[in-house]
């Protein structure tokens, strides 16, 4: 984080600098955490921020090795993998939420399925399955 504060200071001193920052860090838990932690600082200082997400578990050096240090190949790949930072942050948070919701839906289905399946009348059973699916937001 000290490097980020230093860079902000240097960029603010240079009036000709564009307020655009592309972040490329290791795509592991620590790298993502560091990127997400830096966003409020960058946004509050007027920067337009994008994040380049390379394959999970890989780092920038792996990308260079994969493309044999070919600048054009690496640059094209980086452009293709870069997204607005706020979108990456939202996706990251929503993905965690979706995992929790999916897990909880599964628990609810497993808990109620034996009860619903024990209903002999197929029409009534299907009616309650439909009701359950609507309650769980399952299409």
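In the working numbering, the protein residues as written are 285 to 423.
In this text, a Cβ means the ideal position worked out from N, Cα and C, and glycines have one as well.
The structure displayed is predicted, hence computed values, not measured ones.
Residue i, buried or exposed, once every other Cβ within 10 Å from all chains shown has been counted against 16
| i | result |
| --- | --- |
| residue 345 | exposed |
| residue 369 | buried |
| residue 378 | exposed |
| residue 386 | exposed |
| residue 338 | buried |
| residue 410 | exposed |
| residue 360 | exposed |
| residue 311 | buried |
| residue 402 | exposed |
| residue 287 | With a pLDDT of 48 at residue 287, under the threshold of 50, the predicted position of this residue should be treated as unreliable, and no value is reported. |
| residue 372 | buried |
| residue 335 | buried |
| residue 328 | exposed |
Backbone secondary structure at residue i - three-state DSSP
| i | result |
| --- | --- |
| residue 332 | strand |
| residue 304 | strand |
| residue 342 | coil |
Residues near residue i by beta carbon distance below 7 Å, same chain, minus five either side
| i | result |
| --- | --- |
| residue 309 | 315, 318 and 319 |
| residue 342 | 311 |
| residue 358 | 347, 348 and 351 |
| residue 354 | none |
| residue 326 | 305 and 333 |
Cβ shell of residue i (< 8 Å), same chain only, five flanking positions each side left out
| i | result |
| --- | --- |
| residue 413 | 400 |
| residue 396 | 416 |
| residue 420 | 389, 392 and 393 |
Same chain only: Cβ atoms within 6 Å of residue i, ignoring 5 sequence neighbours per side
| i | result |
| --- | --- |
| residue 304 | 332 |
Tell me, please, whether the stretch 373-391 touches the stretch 344-361 by the rule of three or more beta-carbon pairs shorter than 8 Å. Contact check between the stretch 373-391 and the stretch 344-361: fewer than three CB pairs, one atom from each, fall below 8 Å, which does not count as touching.
Going along the chain, which unbroken runs of the beta strand (DSSP E) with 3 or more residues stay wholly within the stretch 338-398? Inside the stretch 338-398, DSSP marks whole beta strand (DSSP E) runs of 3 or more residues at positions 366-368, from first to last along the chain.
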